[in-house]
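S.K.: Encoded as structure tokens, here's the structure I'll be asking about.
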Amino acid sequence: MLIILAAGSVFFPGLFLLSKQCLKSIPALRWNEGDAVIVSARLVSSIQAVMASSAGYIISSSCEDIIEDQHWLTSTYIMFAVPYFVYDIYAMFMCYWYKLQVKGHEEASAAPQHMRSVLTSYLRREFLMVLHHVVMVTVCFPVSVFLRQGKGDYFQGIMFMAELSTPSVCLGKILIQYKQQHTLLHKVNGALMLITFFIFRVLLFPYLYYAYGRYASIPFHMVPLSVPWHCNLGAALLMAPQLYWFSLICRGALRLFMGTSRSQSEDSSYLFII
């Protein structure tokens, strides 16, 4: 277990540093530090998403009994991915810091008092995402590895597949950061992001209830009354931010089609207009 945690602790930060160095040193690119940090952070997030989704597909497709069947990859990937959420809090802060520098904010300097100001601003602005990452490490990790008692690997695999929306979200962030909203790539990616986010992050939770209802031969509307209360609470807490972020995505799309100002959309960390 410690070896797997250590591997994840080396892999994700190492991949970030390697990507950043390559973007800065490749002759055809030679990006500055800020650009290299922002793109590298998105690249690592996308790679983690592909790995998680692939693991999720393998797990869910291998479990015929959705409650009792187990797959070795379930706990293994959870332990490997936990360090990612810790690393990503730091990576998001670095992206936020360099964005402030690009915009000319004077607090984005190396002075300790300015760093504290930036950190406070970052935590306030990215509170929901940081909270999501902290909960993944402090709550979801121990529950998934130690408290499930080997049951429900199928559901865990389906949850991994929520990451399928992440690559398009990351690409959307990069395109918005570099003012490419007018391109066809941005529109196509935005449509893909809207669809994948809705299917794999919003519809995912109703599907989990549907799958259990079919397994237990009970009507869909009776499933919440048939499962333990903490399952309903966990699903509600995980689904709530997904609905919030999806509402921001939809609002961004509406602003674009209505021809209104996009400034607020572009400033939001979670809004990727198509």
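Residue numbering for the sequence shown is -17 to -1, 1 to 257, as defined by mature numbering (1 follows the signal peptide of the UniProt record, and there is no 0). Virtual Cβ for every residue (Gly too), placed ideally from N, Cα, C.
Would you call the CB atoms of G39 and F129 closer than 8 Å?
M.R.: The answer is no: Cβ separation not under 8 Å.
S.K.: Suppose contacts are defined by Cβ-Cβ distances below 8 Å. Is Y79 in contact with Y60 by that definition?
M.R.: Cβ atoms of Y79 and Y60: not closer than 8 Å.
S.K.: Check Q164 in the structure and name its three-state DSSP category.
M.R.: Q164 falls in the coil class under three-state DSSP.
S.K.: Based on Cα-Cα distance, which residue from M(-17), Y195, V20 and L(-13) lies nearest to L1?
M.R.: Out of M(-17), Y195, V20 and L(-13), V20 has the C-alpha closest to the C-alpha of L1.
S.K.: When you compare only the Cα positions, how much space is there between T121 and P10?
M.R.: Approximately 42 Å between the Cα atoms of the pair.
S.K.: Can you find the residues in the same chain that come closer than 8 Å, C-beta to C-beta, to V(-8), ignoring five residues on each side of it along the sequence?
M.R.: The answer is none, since no qualifying residue turns up.
S.K.: Among Y193, R184 and S148, which residue has its Cα nearest to the Cα of S172?
M.R.: Residue 172 is actually Asn in this sequence, not Ser. N172 has its Cα closest to that of S148, out of Y193, R184 and S148.
S.K.: Is V210 closer than 8 Å to Y195 when the C-beta atoms are compared?
M.R.: Taking 8 Å as the Cβ cut-off, Y195 and V210 qualify as a contacting pair.
S.K.: Just curious, the alpha helix (DSSP H) that A199 is in, first and last residue?
M.R.: That run of the alpha helix (DSSP H) goes L187 to A199.
S.K.: Check whether the Cβ atoms of V152 and M176 sit closer than 8 Å, and answer yes or no.
M.R.: Yes, they are a contact pair.
S.K.: The alpha helix (DSSP H) that contains residue 316, what's its start and end?
M.R.: Lying before the first or after the last residue shown, residue 316 is absent from the chain, which here runs from -17 to 257.
S.K.: Contact defined as beta carbons within less than 8 Å: I believe R184 pairs with F229. What is the distance between those atoms, to the nearest angstrom?
M.R.: At roughly 7 Å, the Cβ-Cβ gap stays under 8 Å, so R184 and F229 are in contact.
S.K.: Look at the alpha carbon of S45 and the alpha carbon of L220, and state the distance between them as a whole number of angstroms.
M.R.: Each residue's alpha carbon lies about 28 Å from the other.
S.K.: Mapping DSSP to helix, strand and coil, what is E89?
M.R.: In this predicted model, E89 has a pLDDT of only 49, less than 50, meaning its place in the structure is not dependable; the value taken from the coordinates is given anyway. Of the three classes helix, strand and coil, the one that applies to E89 here is coil, per DSSP.
S.K.: Rounded to the nearest angstrom, what separates D136 and S8 at their Cα positions?
M.R.: Between D136 and S8, the C-alpha separation is close to 43 Å.
S.K.: Assign E51 to buried or exposed, taking buried as 16 or more other Cβ atoms, counted over all protein chains shown, within 10 Å of its Cβ.
M.R.: When all chains shown are included, E51 counts as exposed.
S.K.: Have a look at L191 and P207 and give me their C-alpha separation to the nearest angstrom.
M.R.: Using only the alpha carbons, I get a separation of about 11 Å.
S.K.: In or out: G133 buried (at least 16 other Cβ within 10 Å) or exposed?
M.R.: Under this definition G133 is an exposed residue.
S.K.: Please state the DSSP three-state secondary structure of L12.
M.R.: Three-state DSSP puts L12 in coil, outside helix and strand.
S.K.: For the putative contact between I42 and G140, defined by C-beta atoms under 8 Å, what is the C-beta separation to the nearest angstrom?
M.R.: Confirmed, Cβ separation roughly 3 Å.
S.K.: Buried or exposed: which applies to E89, given that a residue is buried once 16 or more other Cβ atoms fall within 10 Å of its Cβ?
M.R.: Summary for E89: the model assigns pLDDT 49, below 50, so the residue's position carries little reliability; its value from the coordinates is reported in the next sentence. E89 should be labelled exposed.
S.K.: Quick check: the Cα distance between L114 and V69, rounded to an integer number of angstroms?
M.R.: Near 11 Å, if we compare the C-alpha coordinates of V69 and L114.
S.K.: Do L83 and V65 have their C-beta atoms closer together than 8 Å?
M.R.: Going by C-beta atoms, L83 is not nearer than 8 Å to V65.
S.K.: Can you tell me whether E146 is helix, strand or coil according to DSSP?
M.R.: Note: E146 maps to helix in three-state DSSP.
S.K.: So is E16 buried or exposed if we call it buried at 16+ other beta carbons inside 10 Å?
M.R.: Exposed, because fewer than 16 other Cβ atoms sit within 10 Å of the Cβ of E16.
S.K.: Could you give the residue range of the alpha helix (DSSP H) that holds S209?
M.R.: That run of the alpha helix (DSSP H) goes V206 to S209.
S.K.: Indicate the three-state DSSP secondary structure (helix, strand or coil) for K134 in the structure shown.
M.R.: DSSP places K134 in coil when its eight states are reduced to three.
S.K.: Going by DSSP in three states, H213 sits in which element: helix, strand or coil?
M.R.: Helix at H213.
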